[in-house]
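In our numbering, the protein residues as written are 2 to 120.
All residues carry an ideal CB built from backbone N, CA and C; glycine is no exception.
Predicted, not measured: the structure shown is a model, and the values here were computed from it.
Presented below is the structure to which this report refers.
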Amino acid sequence: MLSLDYSYYSGGWQNPARFDVSGLQYDGNGNILGLVRNKEDNSTLDNLTYSYIAGTNKLQSVTDAVSTTPEDLDAEDTKFGYDGNGNVVEMLEIGQPAISSITYDYRNLPVSLVNRNER
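Here it is in structure tokens:
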């Protein structure tokens with residue numbers, strides 16, 4: 002996938018430039034490296050850069066080149082931590098815990114996830 006275009010039907014198909022996603026880039030393993038998302042007014046909501054732990058496909062961090070915006074759907078600078086099985090055990094957004102806990106089953110599949118708002 003290289004881009005996403007938002008459209009909707011209102012007496013005919015409308016395809017405004019808002020909510021579009023562009024700038025999708027990938028490494029040789031298919032890991033996403035970059036992504037740009039637009040807001041309703043077509044201004045940039047996110048300009049994300051993804052980095053991975055060397056020699057793995059484990060996401061290390063996501064950095065947003067756009068200043069913090071008040072939208073709930075806005076991605077912020079995020080870092081990830083893993084256990085010995087490769088399970089995500091920590092997610093920090095702007096240095097604060099975004100996930101309180103993640104529980105995995107015997108197959109290392111997530112069973113529950115509690116975010117910082119206890120949801």
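Taking a 10 Å sphere around the C-beta of leucine 110, we find fewer than 16 other C-beta atoms and assign the residue as exposed.
Each residue's CA atom was taken as its position, placing glycine 87 and glycine 12 some 49 Å apart. Leucine 3 counts as exposed, since fewer than 16 other C-beta atoms from the protein chains shown sit within 10 angstroms of its C-beta. In the assembly as shown, leucine 114 is an exposed residue. Its beta-carbon has fewer than 16 other beta-carbons within 10 Å. The beta carbons of serine 62 and lysine 80 sit closer together than 7 Å.
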